[in-house]
Amino acid sequence: MPIDPILRQPKGFATVTFVIPENAVKAYTELDGTAFCGRMLHLLPAKTEKLEDEDNDEGLSFKEKKAKKLKQQAKSSHNWNVLFLGVNAVADVVAANYNTTKEQLLNDNNKNTSAAVRLALGETQLVAETKSFLESNGVYLDAFNRPAKNRSKTCILVKNLPAGTEKDEIKVLFEKHGHLARFLMPNHGITALVDFIEPFEAKKAFSKLAYSQFKSAPLYLEWAPENVFVKSAEKTEEVNKELTNTKEKVKELTHSKELTKSKEKEKPNERDIIKDKKQEEDKQQKAPKIDASIEEETPENDTTLFVKNINFITTDESLREHFSGCGRIHSVTVAKKKDPKNPGHLLSMGYGFVQFVKKEHANEALKELQGSTLDGKSLELKRSEKGNSTQVYSSKKSAKDTTQNGTKLLVRNVPFQANRNELHEIFRAFGDIKTLRLPKKLTAGSDQHRGFAFVDYYSKTDAKSAFEALCQSTHLYGRRLVLEWADQTDENEDIDMLRKRTAQSFNAKVPGGKKSRKGAVDVETFVEPE
């Protein structure tokens, strides 16, 4: 709903987008010309969104095409990473914090640690500082890590800012599109949180500034969770409760004298009290009783049928009666339009929709009533292609249980360039490591690992601190490390089972008398010594 930037009031028009097309048709036919807040609504079909053809990109270079594609995908949630930090910005900030140069930080002459490990630990430190800063200002960051949650319509998270960005530069950039309610930015100036007053202005700023060029890097924008400021809201509720309690106490003290005086007054007659009770009982008996069984059940998926070739005299009731023999019906609608000759009257459009509560009833109706006759017309049935599914599917995988169950961590998405020593340097910063296993591929003559590792600490506190620090946004060679709590099974049993399986496959006889090359491989080489 657009808002006037000067008057701060709605302009008098709005756009509504439905998920299911038949619901849009129903709203158009039923709500057009109705009264709302003393004004008559006038509904018009909106224009379809113009999609840019790929043929228009022939004159663009590969870099421009890629930037255009990334800007189009800026609103998709699978590209969002909460605490994303650019590699160059991380290197600049870490070098400034330790009074060194970026050259010395990225130099690989140091044999103790590699440049990738230094950048990973520096990024982890900056992420921890950013997290503590946002949480101290009432931001609930754990809501970002939960998939399939509602996103805020006013709060935007700004990322990929160059190092040394000042607050006024970002604030002025977003203030051009509307009034801000809150603006937060850590001291290192790599990320920021912008909260608008009106959702329309926030949406306009997001669409205009998403992946736009700012200094030497594009802006990465993300919608914050809906309850991003839940802590501040809880504090205000607690303060309001305290104020109400104090007000009630003051009222009790001020009216204590009146209460004592009222006690001294004459008591009311018992007959009046009995009459009042009888009147209340009569009202309760006369009130209509609501049956709990009347409550509608939510329909299952794939339960809507599209009905064609309906007679123009057929009504919703007659169509419901025709399909009622197959099972319980959730809703029946015959598509209608306004009669231009008779204002206020509706004309049937010759088709409709029937939605059952259960899927098996819809399947039965599709088989039995296909080609059946209603009001002299043979009905044509088929499944409604859109709007059958009521569930919302997320592109992200379901969140796994993050509760600690031991001292062993499972590290996924390990880059193939990384080796065991680099992983050991990263995880050693949080405590003493008991074992670190990096399983290798079962291929003869290759030392490449399989992309995951197991890290086991001596104490649970060290494992917990490593998990909390590295699970947010730690990148190694450009790949984000994904941490999970490993299953606490007996490690020796797993190794023995692996040895048995590999030995059986290597000792298997090859047809034709030829001996397999894999038979010469030593099974012990596949398991690294601790």
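So the sequence shown is numbered by the UniProt record's numbering: it starts at 1 and just counts up by one.
For every residue, glycine included, the Cβ atom is placed at its ideal position computed from N, Cα and C.
- Task: Look at the alpha carbon of Lys358 and the alpha carbon of Ala24, and state the distance between them as a whole number of angstroms.
- Result: As a working mapping, residue 358 is identified with position 358 in the sequence shown. As a working mapping, residue 24 is identified with position 24 in the sequence shown. Here the alpha carbons of Ala24 and Lys358 stand approximately 24 Å from one another.
- Query: Fully enclosed by the UniProt domain "RRM" (407-488), which alpha helix (DSSP H) runs are 4 residues long or longer?
  - Reply: 420-428, 460-470, all fully within the UniProt domain "RRM" (407-488).
- Message: Assuming Thr407 and Tyr457 are in contact, meaning their beta carbons sit under 8 Å apart, how far apart are those beta carbons, in whole angstroms?
- Response: On the sequence shown, position 407 is the one that residue 407 refers to. On the sequence shown, position 457 is the one that residue 457 refers to. Between Tyr457 and Thr407 the Cβ distance is about 5 Å, and since that is below 8 Å, they are a contact.
- Counting pairs of beta carbons, one from the stretch 338-358 and one from the stretch 411-430, are three or more of them closer than 8 Å? Contact fails: fewer than three Cβ-Cβ distances are below 8 Å.
- Task: Entirely within the UniProt domain "RRM" (154-226) and at least 4 residues each: give me those alpha helix (DSSP H) ranges in chain order.
- Result: 167-175, 199-209, all fully within the UniProt domain "RRM" (154-226).
- Query: Mapping DSSP to helix, strand and coil, what is Gly12?
  - Reply: Reading the sequence shown from its first residue, position 12 is the one you call residue 12. DSSP places Gly12 in coil when its eight states are reduced to three.
- Task: Kindly indicate which three-state DSSP category Gln125 falls into: helix, strand or coil?
- Result: Here residue 125 is taken as the residue at index 125 of the sequence shown, counted from 1. In the structure shown, Gln125 sits in a helix (DSSP, three-state: H, G or I).
- Message: Can you give me the C-alpha to C-alpha distance between Gly86 and Leu161, rounded to a whole angstrom?
- Response: As a working note, residue 86 is residue 86 in the sequence shown. As a working note, residue 161 is residue 161 in the sequence shown. Just so you know, the alpha carbons of Gly86 and Leu161 end up roughly 8 Å apart.
- Go ahead and pull the three-state DSSP assignment for Thr373. Position 373 of the sequence shown, counted from the start, is the residue given in the question as residue 373. Strand, per DSSP.
- Do you know whose CA, among Val139, Thr34, Gln472, lies nearest Asn227's CA? As a working note, residue 227 is residue 227 in the sequence shown. Minimum Cα distance to Asn227 is reached at Val139.
- Query: Whose C-alpha, out of Ser348, Ala116, Glu368, is nearest the C-alpha of Gly325?
  - Reply: Here residue 325 refers to the residue found at position 325 of the sequence shown. Of Ser348, Ala116, Glu368, the residue nearest in Cα terms is Glu368.
- What are the boundary residues of the alpha helix (DSSP H) that Gln404 is part of? Reading the sequence shown from its first residue, position 404 is the one you call residue 404. First-last for Gln404: undefined, no H or E at that position.
- Query: Counting along the chain, where does the beta strand (DSSP E) carrying His330 start and finish?
  - Reply: Taking the first residue of the sequence shown as 1, we reach residue 330 at position 330. Per DSSP, His330 belongs to the beta strand (DSSP E) from 329-338.
- Task: With distances taken Cα to Cα, identify the nearest neighbour of Ser473 among Lys159, Lys204, Lys65.
- Result: The residue given as residue 473 occupies position 473 in the sequence shown. Looking at the Cα atoms, Lys159 is the closest of the given residues.
- Task: Give the straight-line distance between the Cα atoms of Glu422 and Lys460, rounded to the nearest whole angstrom.
- Result: Within the sequence shown, numbered from 1, the residue matching residue 422 stands at position 422. Within the sequence shown, numbered from 1, the residue matching residue 460 stands at position 460. Those two C-alpha atoms are separated by around 22 Å.
- Message: Per the DSSP calculation, Met40 is bridged to which residue(s)?
- Response: One-based indexing of the sequence shown puts residue 40 at position 40. Paired residue(s): Ala35.
- Thinking Met349 and Lys337 are a contact (beta carbons under 8 Å), I'd like their distance in whole angstroms, please. Indexing the sequence shown from 1 puts residue 349 at position 349. Indexing the sequence shown from 1 puts residue 337 at position 337. For a cut-off of 8 Å, the C-beta gap from Met349 to Lys337 is around 6 Å, short enough to register as a contact.
- Query: Secondary structure at Val250, three-state DSSP: helix, strand or coil?
  - Reply: On the sequence shown, residue 250 is found 250 positions in, with the first residue counted as 1. In this prediction, Val250 scores a pLDDT of 44, lower than 50, which makes its location untrustworthy; the coordinate-derived value is nonetheless stated afterwards. DSSP places Val250 in helix when its eight states are reduced to three.
- Query: Where does Gly350 fall in DSSP's three states?
  - Reply: Locating residue 350 in the sequence shown gives position 350, where the first residue counts as 1. Assigned with DSSP and collapsed to three states, Gly350 falls in strand.
- Would you grab the beta carbon distance between Thr205 and Leu157 for me? Rounded to a whole angstrom, and I think it's under 8 Å. Translated into positions along the sequence shown, residue 205 becomes position 205. Translated into positions along the sequence shown, residue 157 becomes position 157. What sits at residue 205 in the sequence shown is Ala, not Thr. Not quite, the Cβ-Cβ distance comes to about 13 Å (not below 8 Å), so this is no contact.
- Task: With DSSP as the reference, label Ile20 as helix, strand or coil.
- Result: Looking up residue 20 in the sequence shown gives position 20. In this structure, Ile20 counts as coil in the three-state DSSP scheme.
- Message: Using the three-state DSSP reduction, which class does Val228 fall into: helix, strand or coil?
- Response: On the sequence shown, position 228 is the one that residue 228 refers to. Reduced to three states, the DSSP call for Val228 is coil.
- Query: Bridge partners of Phe306, per DSSP?
  - Reply: Within the sequence shown, numbered from 1, the residue matching residue 306 stands at position 306. Phe306 is bridged to Phe353, Lys382.
- Query: Does DSSP classify Ser152 as helix, strand or coil?
  - Reply: Against the sequence shown, residue 152 aligns to sequence position 152. Correct three-state label for Ser152: strand.
- How many Å lie between residue 542 and Leu119 at the Cα? The question about residue 542 has no answer, for the chain in this structure spans 1 to 530.
- Item | Nearest-angstrom Cα separation, counted from Ala163 out to Ala189 | Taking the sequence shown and counting its residues from 1, the one referred to as residue 189 is at position 189. Taking the sequence shown and counting its residues from 1, the one referred to as residue 163 is at position 163. Note on residue identity: the sequence assigns Gly, not Ala, to residue 189. Distance between the alpha carbons of Gly189 and Ala163: 6 Å.
- Query: Between the C-alpha atoms of Ser132 and Arg420, what's the straight-line distance to the nearest angstrom?
  - Reply: Residue 132 sits at position 132 when you count from the first residue of the sequence shown. Residue 420 sits at position 420 when you count from the first residue of the sequence shown. C-alpha separation (whole angstroms): 31 Å.
- Applying the criterion that 16 or more other CB atoms from any shown protein chain within 10 Å of the CB defines a buried residue, is Leu476 buried or exposed? The sequence position of residue 476 within the sequence shown is 476, counting from 1. Per the 10 Å Cβ criterion, buried.
- Item | Proximity winner among Glu22, Pro21, Ile3, relative to Ala14 (alpha-carbon distances) | Position 14 of the sequence shown, counted from the start, is the residue given in the question as residue 14. Across the set Glu22, Pro21, Ile3, the C-alpha of Ile3 shows the shortest separation from the C-alpha of Ala14.
- Task: Go ahead and label Glu30 buried or exposed: buried means 16 or more other beta carbons lie within 10 angstroms of its beta carbon, across all protein chains shown.
- Result: The residue given as residue 30 occupies position 30 in the sequence shown. Within a 10 Å sphere around the beta-carbon of Glu30 sit fewer than 16 other beta-carbons, which makes this residue exposed.
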